[in-house]
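Read through the structure below, which is laid out as structure tokens, and then see the notes.
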Amino acid sequence: TGGATGSPNPTPLTIPGGAAVSVAVPSAASHGPATASGTSITYTPTAGFSGSDSFTYTATNASGTSSPATVTITVSAPSISLSPTTLSDGTVGSAYSQTVSASGGTAPYTYAITAGSLPVGLALNTSSGVISGTPSTTGTLNLTVTATDANSATGSQAYTLTINAQAPVANAVSATVAANSSANPITLNITGGAAVSVAVASAASHGTATASGTSITYTPTAGFSGSDSFTYTATNASGTSSPATVTITVSAPSISLSPTTLSNGTVGSAYSQTVSASGGTAPYPYAITAGSLPVGLALNTSSGAISGTPSASGTLNLTVTATDANSATGSQAYTLTINAQAPVANAVSATVAANSSANPITLNITGGAATSVTVASAASHAPATASGTSITYTPTAGFSGADSFTYTATNASGTSSPATVTITVSAPTLVLTPATLGAGTAGSAYSATLSVAGGTAPYTYAITAGSLPAGLSLNVASGLISGTPSTAGTSNLTVTATDANGATGVRNYSIAISAVAITVPASSQILAAGQSATVDLTQGATGGPFTQAILGSVTPASAGRARMIGPFSMSFVPSAAFAGTAVVSFSLQNGGGASAASTVSFIIQERPDPTQDAEVIGLLNAQTRAAERFASTQMDNFNRRLEQLHQMNCDRNSFNASLRKEGRDVPLGEIAKAVQDQLGASAHQTEQEKREAAAALKDSCKQDALAFWSDGFVNVGSTHTRGARDSSFTTLGLSVGVDYRLSPSAIAGVGIGYGNDRSDIGKNNTRSDGDAIGIATYLSLNLAPQVYVDGLLGYNRISFDSRRYITGSADDYARGSRDADQLFASLTASYEYRQGPLSLTPYSRLNASTTRMDAYRERGGGIYGLSYDEQRQQNFTSYLGVRTGYDLMTRIGVVTPKVGLAWGHNFSSSSDYKMRYTDQGDEGTLYRLKPDALDSDFASLDMGVDFNLGRAWQLGVSYKTALGSDERNDTFRLGLNGKF
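Right under this line is the structure:
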């Protein structure tokens, strides 16, 4: 296959068998040469030919030449294309030209429309391919143009050709519209193609042009008149026209003035009428362009107001012209009439004497001058007579008081409205005498006569305000005031006298009636603190009988409360906290109305200072000392146990004597009997037997880890403190504990204690009872051979119940309860020296305690019951002492007598005792008492004996006495210890 181009085309050959070395063309092709070269053949079709052709060929090699074979050739026709592929649109009435050209074939080409047709007015040039002409109708046509080349090869192209309508043409127009009009339609001039819309191209200068669809409306600016313009365009599918001008003439407005008539005026009366213009553009100046205004009136050229006061009557014609901001004008013709003024009658008043006649009345007429006056409504109590322009008034004989009538005034312009004339007909002056009335006394006859001067007799008298004192009366004919007044006081009254013609005279009087004088002497009473009193307020008073007693005030107000408990009895209760003089004021009144003030003074004695009360001081000091003893005795118990722990060869036995019976340890319940038996037997032991018993006892000692112990005491003593009752006390203490050996040189333990104290103060049964429950922990350290340091720390919870004798009372007591918290501590250093049976231990010790006593209130005791604030105290005691013991070997074991001597010093720091009387509350006087300081030296002697009751129990008894500068203690102690 080859293209119809006239170019050589290589022809593919199929040669089976042996490989050919050459090929040949035995029979030529009909429509083009076939040329063999080597083993290939090329075929070139005749220029412009397309269709079928053939030739034969042979192949040759050394073995020979093949038979001819046919080569069939198909020469394909050329592909002719046309351009452009689309045609441009045309417009009706407008010349059109478009050239179609062919390519791909052999020129020349001829062109033909082989399908469809061209629009009317257009034609195709078959040689050049030009489509040209002037289309006369719109529309869209489909057509096919075919091109044929010189060899009759063809190519076609389908086209769509659209002929559009003609674009519109906008033409200039002009229009006239009225000023202040709106939405005026403008008639447009559009030629060419029909427009589908119009638009305002350039806006108007003095209005608004609005396009909608194919129409335009114009609205001039309010008040504008004159020439204006804008441009517009027209548009359809074919395009938009050039702008065309619309010339607008805005006709001037019609300016009108209102009102169309002016109201009439009156000479001498202010006139005001405003002319206003409309229809144009404000502002409007006004002018009178014809005629003139009446004299006295003027036109405001800015506001159009005609105002002023006309001075002459008459009728005038004038024309007012208004000009708007755009010089448009409007005029209105007016006729203005000014009338003469009518008279005005005004109200007047006049005073005339009673029984007078023809009194001229001065009238008050303004406005126009009156030519006559008339009585419009007559007077009630006299005739009023008008004559010309005057009126006279004559009151009815004997009349006095107010009267009135009305009148009018008339002239040529009219008659005034009625005005009132008010007449006062003055009565004659009646004068009552005397000017004042004398005073009287309750219970004594009284008489005074009134008389009148002026007016016409006879006269009558009356009390027209107030009243006479009780017991007095007025004779209405003679004016005599008489009678016997019954009560004191001042009465105010008004007496009116009336003459025969009804004229009156008035005078105000006061009549003072005095009462019998009252005297009330001042009194006083002395009251003990808390004592109340009842007083008869009439006692010693004169001027009775009395009607009431009125209580005044208490001075000072805080002194107490006074109240009436009967008509004349007063009760006074002083305030609990008050001492001094309280003054109560009061007054008494009698039946005559007299009263007198007086006072009762109450001298309230001050309550005693409780800090000077020996019972109070003794009780507080007893509680303080008891708290100190609770701490010191517990520390003594625990320190005694710590001393027992220093015995290293049998350290867990608390005592150095052992009691055994028949080779066995004695049970606790049989201790007393065993001691008696063994003491009896020991008298018969030899020295050898005693040594064997001691050796057996020593062999039986061993160091057990855990031990239980108890200790108790009874402390009996007395104290003497400054300013207080002497007191005696009995303090009981019990301590139990358990300790454990931590190492050969350290033992720790814990214990609890109970204490009870009873202190009797003085000889009036004042007493303090206390209980203490505590806990303590302790530690003993063997720091060097025979050198020990012991320490303990404990806490007590203390409760006190007290009974205090009220000093000076028969048998009255105040009772109270308070609690306390206490911490105590002790530190001891000692040296344990032993030489055979003798032991000698010097030591030093410091005991310390701090106690906080709670606040509390006493119960009972009346006004002498006290409330106590919280109180704190710290106590310290230092010791230097020595104790010694001697082991006596007996058949029953070792009995160790002991003796101790110590010197000590007490020193303390305590807050003040603070107290108030309970019924005075927190606002009462606060009393302070400084506690007696424990700052004293003392010496003590301690004697006792210890027994060892086998391996499990130990028993010890002792007596200790301590003597100081203000206290002596005797303590009896019993101790029992066990080990496990």
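Per the numbering used here, the very first residue in the sequence shown carries number 64; after that it's consecutive.
The C-beta atom is built at its ideal place from N, Cα and C for all residues, glycine as well.
- Following the DSSP letters along the chain, one finds D699 inside the alpha helix (DSSP H) bounded by residues 677-707.
- The segment 847-912 contains no complete alpha helix (DSSP H) run of 4 or more residues.
- When the alpha-carbon of A533 is set against those of F649, T135, G503, L150, the nearest one is in G503.
- The beta carbons of A238 and I311 sit closer together than 8 Å.
- Excluding its 5 nearest sequence neighbours in each direction, V583 has C-beta neighbours in its own chain below 6 Å: A604, L651, A659, S661, listed in chain order.
- By the criterion of a C-beta distance shorter than 7 Å, A622 is surrounded in its chain by P637, S638, F641, A645, once the five residues flanking it on both sides are discounted.
- Residues S650 of the same chain have their beta carbon placed closer than 6 Å to that of I613, with the five preceding and five following residues left out of the count.
- The distance from the Cβ of N969 to that of D998 is about 7 Å, consistent with a contact at the 8 Å cut-off.
- Secondary structure of Y927 (DSSP, three-state): helix.
- Here the alpha carbon of V852 sits roughly 55 Å from the alpha carbon of R670.
- In this structure, DSSP gives G984 a helical state, which the three-state scheme calls helix.
- Spatial neighbours of A591 in its own chain (CB-CB distance under 7 Å, excluding positions within 5 residues in sequence) are listed in chain order as Q668.
- With contacts defined by Cβ atoms closer than 8 Å, T105 and T74 form a contacting pair.
- Considering only F792, I838, A770, the residue with the shortest C-alpha distance to L805 is A770.
- Counting the other Cβ atoms within 10 Å of the Cβ of I253 gives 16 or more, which makes it buried.
- Comparing alpha-carbon positions, the option among T135, A122, T107, A442 lying closest to S115 turns out to be T135.
- Spatial neighbours of P373 in its own chain (CB-CB distance under 8 Å, excluding positions within 5 residues in sequence) are listed in chain order as G328, T329, V330, G331, S332, Y334, P357, V358, G359, L360, I401.
- Restricting attention to V1020, L1026, A262, Y347, the CA atom closest to the CA of G967 is found in L1026.
- By the neighbour-count definition (other C-beta atoms within 10 Å, threshold 16), P848 is an exposed residue.
- In the displayed model, T280 falls within a strand according to three-state DSSP.
- Boundaries of the beta strand (DSSP E) harbouring Q652: 643-653, taken from the DSSP string.
- With contacts defined by Cβ atoms closer than 8 Å, Y281 and V236 do not form a contacting pair.
- Setting aside the 5 residues that flank it on each side, D932 is surrounded in the same chain by A918, K977, each with a C-beta closer than 6 Å to its C-beta; the list follows chain order.
- Remark: C-beta atoms of G276 and S260 approach each other more closely than 8 Å.
- Restricting attention to N214, A475, D982, the CA atom closest to the CA of S139 is found in N214.
- When Q934, S893, Y120, Y927 are compared, the shortest CA-CA separation from V945 is found for S893.
- Residue state for P673 is assigned as helix, using DSSP reduced to three classes.
- Listed in chain order, the non-local C-beta contacts of T303 below 6 Å within the same chain comprise T296, local neighbours out to five positions each way being set aside.
- Ranking T459, A441, V313 by CA distance to the CA of N389 puts V313 first.
- Around the C-beta of G202, fewer than 16 other C-beta atoms lie within 10 Å, and the residue is accordingly described as exposed.
- Using a C-beta cut-off of 8 Å, the segment 507-519 makes no contact with the segment 445-455, since fewer than three inter-stretch Cβ pairs fall below that distance.
- Look at the segment 387-455 and you find these whole runs of beta strand (DSSP E), each 3 residues long or longer: 392-402, 406-409, 411-416, 422-424, 427-430, 435-440, 447-450.
- A direct Cα-Cα distance of roughly 14 Å separates G552 from L500.
- Short of 8 Å from the beta carbon of A274, and not among the five residues preceding or following it, lie these beta carbons of its own chain, in chain order: S260, V261, A262, V263, Y295.
- DSSP places L556 in the uninterrupted beta strand (DSSP E) bounded by 552-561.
- Straight across, the Cα-Cα distance linking T121 with A170 is about 39 Å.
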